[in-house]
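Q:
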Amino acid sequence: MNIALFAAENIHISLPTVKLFEIGPLVITNSIALGLAGIIVMIAVFRYVIYKVQRNEYNRFVGIVQWAFEGMYKHIGGIITDAKMARSIAPLALTIFFTVLFTYWLSILPGVGDSITWNGAPLLRGLPTDLNFTLALAIISMVAVQFYAIKAHGFFGNLSRYFINPFKDPIGAFEGLLEIIGEFSRMIALSLRLFGNAFAGEVLLLIAGVLTSYFAAISLPFFMAFELFIGFIQAYVFYVLTLIFAALATAGHGDSHSHSTEVTSQEAA
Amino acid sequence: MLTHTYLLATQAADDGNVLHTLGIDVQLLIFQIIGFIILVWIMAKFVYPVLIRTIDERQKRIETGLREAAEARKALENAELHADNLLVDARKEAETLLHRSQEEAAEAILRAETKAKQRADQIVRDARASLDIDVRKARIMLKKEMINLVAAATEQVVGEKVDAKKDNELIAKAVAKETK
């Protein structure tokens, strides 16, 4: 293991993550290592909050976590009006939000990137800067959306959203085709948006460190604070888009456009 | 360095191995999908239910509190209405009592006045009766005195004494004549 004095000593930017070691069939990359640390921190925070809540021992930290959780949970009910479905999709949406938030925030810590290396490769890397992770989240999100759409409309009812007889309704058939492309583009957009922001954030911190050199200790905290904010925004965007896609997919065929407008305007507000 | 990355990416694209350049590994992808699903299951099983239960309980407490507050407000309104009714009734009763007491006082005064008048009349009557008796007594005494006086005067004028029986008869006649 090599610990560099300055982050800017050896700039090395690579899109793929680096394999650190293997445990049987499981490959542990540098992003997965930090991602697991983030998930452990997240579970530890919630375990502490649950421990305190069950004993009716409240403090400011427990209050903040409860307030954030309650706000996010009630927000789901605001986007998805069907209470049963909202309660059903809540675990997935909330886990996406908190996982992205914790792993993103952990990737801002000093030491992440080129500072600490293992066999010449960075030891730690933010999980959201791993396209495998963001793509995995997007696939899970879109599969969940399809699951709820089938639950709402039935298997063939859901297929009829995409496959329409072109002889009866040519425009509708074309819309169906666009809808199929849209589903894939949404998935790719979800994964690339999070990956792009996280990766750009990591590069930004690196470049800011290089440019400010000896004054990096003064300049980097501002960029780090900015990245904390971006991390929250990205987690929120992923969470909200998952809910909106689910709401759109489960809405009636006829009112999909009006519902889309309603949801979008609600979010804009 | 960024240029180097860009060159790597364009080279990979030319080679048709974009996924590898972006770092997408099917094995890692599947591993992360399974891992995240397990994480969602853990959170849904052990974390969220506790927090959601506290939210539901708090919501329930808030709803119960609001309902109880509404009930209390209603009870207060009813109590105020009842108190107002009681006050009105009490005021009416007080007015009735006052009116009755005034009437009774007036009656008592009237009765007392009547009784006092009757008593005064009685006193006046008694006084008159007593006075009549006294006058009568005085008259009798005066009559006797006059008889004695007349007898003495007659004795002086006549110079002889008639017997007592004759004397009394003469005086009585004289007095009767005088009183007529």
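Keeping their order, the protein sequence lines are chains A and B. Quick note on the numbering used here: the first sequence kicks off at 1 and runs consecutively. Quick note on the numbering used here: the second sequence kicks off at 1001 and runs consecutively. All C-beta atoms in this analysis are idealised placements derived from N, C-alpha and C, irrespective of residue type, glycine included.
If you run the structure through DSSP and keep just helix, strand and coil, what is V210/A?
A: Taking the first residue of the first sequence as position 1, residue 210/A is located at position 210. It is helical.
Q: Please state if the CB of I39/A and the CB of L1039/B are separated by a distance shorter than 9 Å.
A: Numbered from its first residue, the second sequence carries residue 1039/B at position 39. Numbered from its first residue, the first sequence carries residue 39/A at position 39. Yes. Within cutoff.
Q: Taking beta-carbon pairs under 8 Å, can you tell me which members of the stretch 126-138 of chain A lie near chain B?
A: D130, L131, N132, F133, L135, A136 and L137
Q: Taking only three categories from DSSP, how would you classify I164/A?
A: Within the first sequence, residue 164/A is the residue found at index 164, counting from 1. Three-state DSSP puts I164/A in coil, outside helix and strand.
Q: Please report the Cβ distance between G196/A and L101/A, rounded to the nearest whole angstrom; I am assuming they are in contact, meaning their Cβ atoms lie under 8 Å.
A: What you label residue 196/A is simply residue 196 of the first sequence in a count that begins at 1. What you label residue 101/A is simply residue 101 of the first sequence in a count that begins at 1. With a Cβ gap of about 17 Å, G196/A and L101/A do not count as contacting.
Q: Checking 9 Å against the spacing of the C-beta atoms, do I76/A and L243/A come in under that value?
A: The count along the first sequence starts at 1 and reaches residue 76/A at position 76. The count along the first sequence starts at 1 and reaches residue 243/A at position 243. Yes.
Q: Going straight from the alpha carbon of L177/A to that of I171/A, what length do you get?
A: The sequence position of residue 177/A within the first sequence is 177, counting from 1. The sequence position of residue 171/A within the first sequence is 171, counting from 1. Whole-angstrom Cα-Cα distance: 10 Å.
Q: Can you give the beta carbon distance from F133/A to Q1032/B, rounded, assuming they're within the 8 Å contact cut?
A: Residue numbering aside, residue 133/A sits at position 133 when the first sequence is read from its first letter. Residue numbering aside, residue 1032/B sits at position 32 when the second sequence is read from its first letter. The Cβ separation is near 5 Å, so the contact holds.
Q: My output table needs one value for I26/A: the three-state DSSP class, helix, strand or coil.
A: Position 26 of the first sequence, counting from 1, holds the residue named residue 26/A. The sequence shown places Leu at residue 26/A, not Ile. Three-state result, L26/A: strand.
Q: Under 9 Å between C-beta atoms, does E202/A make it to chain B?
A: In the first sequence, counting from the first residue as 1, residue 202/A sits at position 202. Answer no: the Cβ-Cβ gap between E202/A and chain B never drops below 9 Å.
Q: Which ranges would you report for the alpha helix (DSSP H) in the stretch 122-193 of chain A if only whole runs of at least 4 residues count?
A: 131-153 and 155-159
Q: Cα-Cα, which of K151/A, I164/A and G209/A is closest to E175/A?
A: Here residue 175/A refers to the residue found at position 175 when the first sequence is read from its first residue. Nearest option by C-alpha distance: I164/A.
Q: Quick one: what does DSSP say I116/A is sitting in, helix, strand or coil?
A: Position 116 of the first sequence, counted from the start, is the residue given in the question as residue 116/A. DSSP places I116/A in strand when its eight states are reduced to three.
Q: In the DSSP assignment, what are the bridge partners of K19/A?
A: Along the first sequence, one-based indexing puts residue 19/A at 19. In DSSP, K19/A forms a bridge with T29/A.
Q: Does any C-beta atom of chain B lie closer than 9 Å to the C-beta of P122/A?
A: On the first sequence, residue 122/A is found 122 positions in, with the first residue counted as 1. Chain B contact via Cβ: absent.
Q: Chain B partners of Q54/A, CB-CB under 8 Å?
A: Locating residue 54/A in the first sequence gives position 54, where the first residue counts as 1. Neighbours of Q54/A on chain B, chain order: V1050.
Q: For A217/A and V1018/B, I'd like the C-alpha separation in whole angstroms.
A: The sequence position of residue 217/A within the first sequence is 217, counting from 1. The sequence position of residue 1018/B within the second sequence is 18, counting from 1. The alpha-carbon atoms of A217/A and V1018/B are separated by roughly 37 Å.
Q: In chain B, what lies closer than 7 Å to P91/A by C-beta?
A: Position 91 of the first sequence, counted from the first residue, corresponds to residue 91/A. In chain order, V1040, M1043, A1044 and Y1048 make up the part of chain B whose C-beta sits under 7 Å from the C-beta of P91/A.
Q: Would you decide whether L1098/B is buried or exposed? Buried here means 16 or more other CB atoms lie within 10 Å of its CB.
A: Residue mapping note: residue 1098/B aligns to position 98 of the second sequence, counting from 1. Answer is exposed; the Cβ neighbour count stays below 16.
Q: Please list the partners that V27/A has in chain B, where partner means a Cβ-to-Cβ separation under 9 Å.
A: Here residue 27/A corresponds to residue number 27 of the first sequence, with the count starting at 1. By Cβ distance, chain B contributes D1025, Q1027, L1028 and F1031.
Q: Check the Cβ of E175/A against every Cβ in chain B and list those closer than 7 Å, keeping chain order.
A: In the first sequence, counting from the first residue as 1, residue 175/A sits at position 175. In chain order: nothing, as chain B lies at least about 30 Å away.
Q: Here's the rule I'm using: 16 or more other beta-carbon atoms within 10 Å means buried, otherwise exposed. How should Y48/A be labelled?
A: Translated into the one-based positions of the first sequence, residue 48/A becomes position 48. With fewer than 16 other Cβ atoms within 10 Å, it is exposed.
Q: Assess contact between the stretch 80-92 of chain A and the stretch 187-204 of chain A, defined as three or more Cβ pairs (one per stretch) separated by less than 8 Å. Is contact present?
A: no
Q: In chain order, what residues of the same chain lie with their CB nearer than 6 Å to the CB of N56/A, ignoring the 5 residues before and after it?
A: By 1-based counting over the first sequence, the position of residue 56/A is 56. None.
Q: Kindly list, in the order they appear in chain A, the residues whose Cβ is closer than 7 Å to that of I1062/B.
A: Residue 1062/B sits at position 62 when you count from the first residue of the second sequence. Here the premise fails: no neighbours, minimum Cβ distance about 12 Å.
Q: My understanding is that T250/A touches Y148/A, with C-beta atoms under 8 Å, so please give their C-beta distance in whole angstroms.
A: What you label residue 250/A is simply residue 250 of the first sequence in a count that begins at 1. What you label residue 148/A is simply residue 148 of the first sequence in a count that begins at 1. That pair is a contact at about 5 Å.
Q: Please check the pair L159/A and G35/A, which I expect to be a contact at CB under 8 Å, by giving their CB distance rounded to whole angstroms.
A: Start at 1 with the first residue of the first sequence, and residue 159/A comes out as number 159. Start at 1 with the first residue of the first sequence, and residue 35/A comes out as number 35. The pair is not a contact, with the Cβ atoms about 36 Å apart (cut-off 8 Å).
Q: So, is L142/A buried or exposed, given that buried needs 16 or more other C-beta atoms within 10 angstroms?
A: Against the first sequence, residue 142/A aligns to sequence position 142. According to the sequence shown, residue 142/A is Met rather than Leu. Classification for M142/A: buried.
Q: Quick check on P221/A: buried or exposed, where buried means 16 or more other Cβ atoms within 10 Å of its Cβ?
A: Here the question's residue 221/A lines up with position 221 in the first sequence. Exposed, because fewer than 16 other Cβ atoms sit within 10 Å of the Cβ of P221/A.
Q: Assign L228/A to one of three DSSP states: helix, strand, or coil.
A: As a working mapping, residue 228/A is identified with position 228 in the first sequence. The answer is helix: DSSP assigns L228/A an H, G or I state.
Q: Can you look up S107/A in the DSSP assignment and give me helix, strand or coil?
A: Counting from one through the first sequence, the residue named residue 107/A turns up at place 107. Here S107/A sits in coil by DSSP.
Q: Compute the distance between the beta-carbons of F238/A and L137/A, then report whether it is under 9 Å.
A: Counting from one through the first sequence, the residue named residue 238/A turns up at place 238. Counting from one through the first sequence, the residue named residue 137/A turns up at place 137. F238/A places its beta carbon less than 9 Å from that of L137/A.
Q: Grouping DSSP H, G and I as helix and E and B as strand, with all else coil, what is D1084/B?
A: As a first step, residue 1084/B must be located in the second sequence, where it is residue number 84. If DSSP states are grouped into helix, strand and coil, D1084/B belongs with the helices.
Q: Start and end of the alpha helix (DSSP H) containing R55/A?
A: As a first step, residue 55/A is located in the first sequence; it is residue number 55 there, counting from the start. Neither: R55/A is in no alpha helix (DSSP H) and is coded neither H nor E.
Q: Rounded to whole angstroms, what is the Cα-Cα separation between E1057/B and E1093/B?
A: Taking the first residue of the second sequence as 1, we reach residue 1057/B at position 57. Taking the first residue of the second sequence as 1, we reach residue 1093/B at position 93. Cα-Cα distance, rounded: 52 Å.
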